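Here the structure comes first, spelled out in structure tokens, and everything after it is commentary.
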Amino acid sequence: MFLYLPVKEELHSPELGCYRSFGIAAFWVSDGRMKRMEFVSDVSTLETVVSLLACRCTKNQLYPLHLLNVIEDVL
Numbered sequence: 542m543f544l545y546l547p548v549k550e551e552l553h554s555p556e557l558g559c560y561r562s563f564g565i566a567a568f569w570v571s572d573g574r575m576k577r578m579e580f581v582s583d584v585s586t587l588e589t590v591v592s593l594l595a596c597r598c599t600k601n602q603l604y605p606l607h608l609l610n611v612i613e614d615v616l
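Counted the way this note's numbering counts, the sequence shown spans residues 542 to 616.
This is how it looks when you write it as structure tokens:
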């Protein structure tokens with residue numbers, strides 16, 4: 542089973558300085574063990590947006606290879 546979780550990040554850019562953002566991590570869960578498969582950083586500064594997207598990806602069992610494409614389509 543694939544599990545998608547939001548990940549809080551503290552990032553820095555020359556234009557914005559320090560800011561908080563949220564990425565999405567994809568995990569493969571089997572036999573009580575989790576293996577990280579994919580991670581996309583800096584998806585949104587809105588935690589709710591990232592959490593809802595992570596939920597939808599888990600519910601629909603999105604294959605992690607397609608995570609970046611789905612994020613690009615949503616944003």
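C-beta atoms are modelled at their ideal positions from N, C-alpha and C, and glycine is treated no differently.
Remember, it's a predicted structure, so these values are computed and weren't measured experimentally.
Would you check whether the ligand NAP has a heavy atom nearer than 7 Å to the C-beta of residue i?
i: residue 551; result: By its list of ligands, the structure shown contains no ligand whatsoever, and the ligand NAP lies outside what it can speak to.
Determine the contact status of residue i and residue j, defining contact as a CB-CB distance below 8 Å.
i: residue 590; j: residue 565; result: no
i: residue 552; j: residue 583; result: yes
i: residue 611; j: residue 603; result: yes
i: residue 588; j: residue 563; result: yes
i: residue 595; j: residue 546; result: yes
Sort out for me which residues DSSP pairs residue i with in a bridge.
i: residue 566; result: 546, 580
i: residue 604; result: Bridge partners of residue 604: none, in fact.
Would you please state the rounded distance, in angstroms, between the beta carbons of residue i and residue j? I believe it to be under 8 Å.
i: residue 570; j: residue 542; result: 5 Å
i: residue 593; j: residue 568; result: Rounded, the Cβ-Cβ distance is 18 Å, inconsistent with contact.
With DSSP run on the structure shown, which of helix, strand or coil describes residue i?
i: residue 613; result: helix
Between which two residues does the alpha helix (DSSP H) holding residue i run?
i: residue 556; result: Taken as a continuous stretch (DSSP letters only), residue 556 belongs to no alpha helix (DSSP H), as it is neither H nor E.
i: residue 594; result: 588 to 600
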